[in-house]
Amino acid sequence: MGSLGLERNYGVTTGKLSKAEAESDALARCAKHGEKNCKIGLSYFNQCVAIGEPQIDGKPNLVGDVQFYGSASVEKASAAAQAACERDNPENSCKVVYKACTEQIFKYF
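Numbered per the numbering used here, the sequence shown finishes at 110, counting up by one with no gaps.
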């Protein structure tokens, strides 16, 4: 289980065993950067995620629309986040600033 906090100083986590634990850790990591209004952007399980961030001159555009995407592979999540960021922020360049996959957890039956 993983989770992404919704601020420019992102709080990201993977490897947690519950949604509540993942979200709590992501919010704590976000707040550790000094953010005051941390929110969950995406929680995910057995998949990959990417964050597409609008930028101006290589720096985050703080009023642009950040895109969080989950998919079966990091390549697909990255491509979707990049495309959505470019679509929603046509005046900016976009960059995938984070990508990760949760580890699959084997359950013996």
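Heads up, the beta-carbon is just placed ideally off N, CA and C, and yes, glycines get one too. This structure is a prediction, so every number in the text was calculated from the model and none was measured.
Closest by CA to residue i, which one among the options?
i: ALA51; options: GLY42, ARG88, ILE57 and LYS33; result: GLY42
i: SER44; options: GLY59, ASP26, LYS60 and GLY35; result: ASP26
i: SER72; options: ALA82, LEU63, PRO61 and GLN48; result: GLN48
i: PRO91; options: HIS34, LYS20, VAL64 and GLU24; result: VAL64
i: LYS34; options: ASP89, VAL13, GLY53 and LYS17; result: In the sequence as displayed, the identity of residue 34 is His instead of Lys. With distances taken between Cα atoms, HIS34 lies closest to VAL13.
i: PHE46; options: GLU76, GLU22, ASN38 and PHE110; result: GLU22
Expressed to the nearest angstrom, what Euclidean distance is found between the alpha-carbon atoms of residue i and residue j?
i: PRO55; j: TYR11; result: 14 Å
i: ALA101; j: SER94; result: 22 Å
i: ILE57; j: LYS108; result: 45 Å
i: LEU7; j: GLN68; result: With a pLDDT of 46 at LEU7, under the threshold of 50, the modelled position of that residue is not reliable, and the figure given next carries that caveat. Each residue's alpha carbon lies about 10 Å from the other.
i: SER4; j: ASP89; result: Caution is warranted here: a pLDDT of 46 is assigned to SER4, below 50, making its placement in the model unreliable, and the coordinate value is therefore given only provisionally. Distance between the alpha carbons of SER4 and ASP89 is about 23 Å.
Drop a sphere of 10 angstroms on the beta-carbon of residue i, count the other beta-carbons inside from all chains shown, and report buried for 16 or more, exposed for fewer.
i: LYS60; result: exposed
Give the C-beta separation of residue i and residue j to the nearest angstrom, bearing in mind that I take them to be a contact with Cβ-Cβ under 8 Å.
i: SER79; j: VAL97; result: 5 Å
Stretch-stretch touch, CB-based, cutoff 8 Å, three pairs: the segment 18 to 35 with the segment 85 to 92: Output reads no: the segment 85 to 92 does not touch the segment 18 to 35.
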